[in-house]
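Asker: Questions regarding the structure given below will be posed in turn.
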Amino acid sequence: MELLNEYGSILIKGTIDSLYMIFVSVFFSYLIGIPAGIALVVTDENGIMPAKTCYNILGTIVNIVRSVPFIILLIAVIPLTRLIVGTSIGVTASIVPLVIGAVPFVARMVESSLRELNKGIIEAAISMGCSNMQIITKVMIPESMPSLILGASITTITLVGYSAMAGAVGGGGLGDIAIRYGYYRYERDLMMVTIVLLVAIVQLIQITGNRISKKINKLN
Amino acid sequence: MIKIQNLTKIYHSDHGDFLALDHVNLDIKKGDIYGVIGLSGAGKSTLVRCINLLEKPTAGNILIDGEDITLMNGPELRKTRQSLGMIFQDFNLLMQKNVFQNIKFPLEIAGFDSKAADARVQELLKLVGLEDKANSYPAKLSGGQKQRVAIARALANQPKVLLCDEATSALDPVTTLSILELLKSINIRLGVTIIIITHEMKVVEAICNRVAVIESAKIVKDGLTADLINHFEGE
Ligand SMILES: Nc1ncnc2c1ncn2[C@@H]1O[C@H](COP(=O)(O)OP(=O)(O)O)[C@@H](O)[C@H]1O
Ligand SMILES: [Mg+2]
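Structure representation (structure tokens):
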């Protein structure tokens, strides 16, 4: 209780900062990741618009970024962050590495959701005279929606972890608090509280994602 | 109405080339229920999928009312595909859309206004006897009901031709008969030419007026169903 009196406002601000970092970066990583994921599916040699070079380049970029440990990516993109945001510290600055780290992840999530789709459904759409764009927007995405939603909750949870790491190197949010108070000042209790808050955020995202996915899925 | 001339299809793969159709010639007349029968792997699906260019022929021509579909692409090809309905063994319905939305889908693609499309969907629901299932989702339907939805969907844009690739192979015998009855009544009432791919002689006997036999990529016999049955019985 005493702890909450003393640090309550810091914890609330940390939670808000974390949520802001997470949701803004989810938004931007989907903005870029959805087209990238779609491109990975449709330009595949068995896709609806085969384009080997495009597929290979995209796949390679995704794999390279994904194989860089996030903590290293965080530091590596500092110059870019400065260029875009003007500074490399603070909540907004941390959105840059978060988005860069999450885009390839989102691209693969979207790709795997779209690949689950029965190929026959796409053939039926072609036989009805759909254009490629119509197949993407009217068949592939709506038919994969329950799976895309589940993917989005996994992505968001991954970003909870990333955002805590970003916080540890000056990004703000709950990760920042855990490091600053828990690690440097031995405030173990405060660290525990930030952990509990992070776990609660993850649980909430998971439950919400599962609920929505189940609710909209007409397969069962 | 459909003239297939020297249609040849070679599949290229890492294991080498595979000749799936070898100089196939067929002449399908308006109003025919034309059967193509053969064993599994004979090339039946490849043949029917070439007719709407789901599969690109390696050589040969496919004339539909005199227009060669193998020369088409882009919007012209898509427009032509709307005049060729197709149904499949696995139905291939949109699982996240209900029956009504599934049937409406090709009308949206064809650019119908929503009101006109709704009215057309009602007609089609009636045609296939699924008025009471308009709001059901495919996952809740039996195989026969799913194929009825697929038929309604394939007929939505009033095609001249209906292509059926093993349309009854996933169905039990009783349901098969009811679907074949439906196809026959569509042929008679709407004048739609129907091409039926099957490995079952009883399907051909039930509704096809003409039939071609395909064996290892080649058409080995074709003619009136009655003549062909006599031929087999004579052997
Ligand atoms: N995409 C493909 N690539 C390579 N071979 C194929 C492909 N599709 C079909 N084949 C081969 O072509 C032959 C004919 O296939 P198909 O037309 O599906 O036969 P059917 O419908 O009569 O069972 C089969 O031997 C099959 O393995
Ligand atoms: Mg087949």
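Protein sequence lines correspond, in order, to chains W and U.
Quick note on my numbering: the first sequence kicks off at 1 and runs consecutively.
Quick note on my numbering: the second sequence kicks off at 1001 and runs consecutively.
A virtual CB, placed ideally from N, CA and C, is assigned to each residue, including glycine.
Can you pull out the residues from the segment 1114-1139 of chain U whose beta carbon lies closer than 7 angstroms to at least one beta carbon of chain W?
Answerer: Tyr1137 and Ala1139
Asker: Using a Cβ-Cβ cut-off of less than 9 angstroms, give me the residues of the segment 161-175 of chain W that come near chain U, in sequence order.
Answerer: none
Asker: Out of curiosity, what's the CA-to-CA distance linking Leu1141 (chain U) and Asp1132 (chain U)?
Answerer: Distance from the CA of Leu1141 (chain U) to the CA of Asp1132 (chain U), rounded to the nearest whole angstrom, comes to 12 angstroms.
Asker: DSSP three-state label for Asn118 (chain W), please.
Answerer: coil
Asker: Is the CB of Pro50 (chain W) under 7 angstroms away from at least one CB in chain U?
Answerer: No - not a single Cβ of chain U is within 7 angstroms of the one on Pro50 (chain W).
Asker: Given Thr208 (chain W), which residues of its chain have a CB within under 8 angstroms of its CB, disregarding the five upstream and five downstream residues?
Answerer: Ser153
Asker: Touch check for the segment 1149-1160 of chain U and the segment 1207-1227 of chain U: three-plus C-beta pairs under 8 angstroms?
Answerer: no
Asker: Which whole-angstrom value describes the C-beta separation of Ser113 (chain W) and Leu148 (chain W), a residue pair presumed to lie in contact below a C-beta threshold of 8 angstroms?
Answerer: 5 angstroms
Asker: At the 7 angstroms Cβ level, is Asn1052 (chain U) part of the contact set with chain W, yes or no?
Answerer: yes
Asker: Contact criterion: CB-CB distance below 7 angstroms. Does Asn1102 (chain U) meet it with respect to chain W?
Answerer: no
Asker: Taking just the CA atoms, how far does Val139 (chain W) sit from Met165 (chain W)?
Answerer: Taking the straight line from one Cα to the other gives about 38 angstroms.
Asker: Counting only the same chain and skipping the five closest in sequence on each side, list residues whose C-beta sits under 6 angstroms from that of Asn1187 (chain U).
Answerer: Ile1033 and Ile1194
Asker: With distances taken Cα to Cα, identify the nearest neighbour of Glu1200 (chain U) among U:Leu1177, U:Asp1014 and U:Ile1087.
Answerer: U:Leu1177
Asker: Does any residue of chain U have a CB that is nearer than 7 angstroms to the CB of Lys218 (chain W)?
Answerer: At a cut-off of 7 angstroms, the C-beta of Lys218 (chain W) has a neighbouring C-beta in chain U.
Asker: Based on Cα-Cα distance, which residue from W:Phe105, W:Asn210 and W:Val96 lies nearest to Leu83 (chain W)?
Answerer: W:Val96
Asker: Under 6 angstroms: does the beta carbon of Tyr1034 (chain U) sit that close to some heavy atom of ligand 1?
Answerer: no
Asker: Can you list the alpha helix (DSSP H) stretches of 4 or more residues lying completely in the segment 1132-1177 of chain U, in chain order?
Answerer: 1143-1155
Asker: For Glu123 (chain W), would you say it is in contact with chain U, using Cβ-to-Cβ distances shorter than 7 angstroms as the test?
Answerer: Using beta-carbon distances, Glu123 (chain W) counts as an interface residue toward chain U, with a partner under 7 angstroms.
Asker: Put Asn1092 (chain U) into one of helix, strand or coil per three-state DSSP.
Answerer: In this structure, Asn1092 (chain U) counts as coil in the three-state DSSP scheme.
Asker: Report all residues for which the CB-ligand distance to some heavy atom of ligand 1 is below 6 angstroms; order them along the chain.
Answerer: Result (chain order): U:Tyr1011, U:Ser1013, U:Phe1018, U:Ala1020, U:Gly1038, U:Ser1040, U:Gly1041, U:Ala1042, U:Gly1043, U:Lys1044, U:Ser1045 and U:Thr1046.
Asker: Taking Ile1109 (chain U) as the query, report the chain W residues whose CB atoms sit under 9 angstroms from its CB, ordered along the chain.
Answerer: Ala125, Met128, Gly129, Cys130, Ser131, Gln134 and Lys138
Asker: Within the same chain, show all residues whose beta-carbon is closer than 6 angstroms to that of Gly151 (chain W), passing over the 5 residues directly before and after it, in chain order.
Answerer: Met109 and Ser113
Asker: Return the residues of the segment 1079-1095 of chain U that lie within a Cβ-Cβ distance of less than 7 angstroms from chain W, sorted by chain order.
Answerer: Lys1079, Arg1081, Gln1082, Met1086, Phe1088, Asp1090, Asn1092, Leu1094 and Met1095
Asker: State yes or no: is the beta carbon of Gly120 (chain W) nearer than 7 angstroms to at least one beta carbon in chain U?
Answerer: yes
Asker: Let me see if you follow: with CB-CB separation under 7 angstroms, is Pro1106 (chain U) close to chain W or not?
Answerer: yes
Asker: Would you kindly report the start and end of the unbroken alpha helix (DSSP H) that includes Val202 (chain W)?
Answerer: Bounds of the alpha helix (DSSP H) holding Val202 (chain W) are Arg188 to Ile216.
Asker: DSSP three-state call for Met1086 (chain U): helix, strand or coil?
Answerer: Note: Met1086 (chain U) maps to strand in three-state DSSP.
Asker: Going by the DSSP bridge assignment, what does Gly1016 (chain U) pair with across the sheet?
Answerer: U:Ser1013
Asker: Counting Cβ pairs closer than 8 angstroms, one from the segment 168-186 of chain W and one from the segment 91-106 of chain W, do we hit at least three?
Answerer: yes
Asker: Is it the case that the Cβ atoms of Leu1093 (chain U) and Pro1138 (chain U) are separated by a distance below 7 angstroms?
Answerer: yes
Asker: At a CB-CB cut-off below 9 angstroms, which residues of chain U make contact with Glu143 (chain W)?
Answerer: Leu1094, Met1095, Gln1096 and Lys1097
Asker: Hey, how far is the Cα of Asn1098 (chain U) from the Cα of Glu143 (chain W)?
Answerer: 12 angstroms
Asker: Pull up the distance between the alpha-carbon of Ser131 (chain W) and that of Met192 (chain W), whole angstroms please.
Answerer: A direct Cα-to-Cα measurement between Ser131 (chain W) and Met192 (chain W) gives close to 54 angstroms.
Asker: Can you check DSSP and say which residues form a bridge with Lys1003 (chain U)?
Answerer: U:Asp1027 and U:Leu1063
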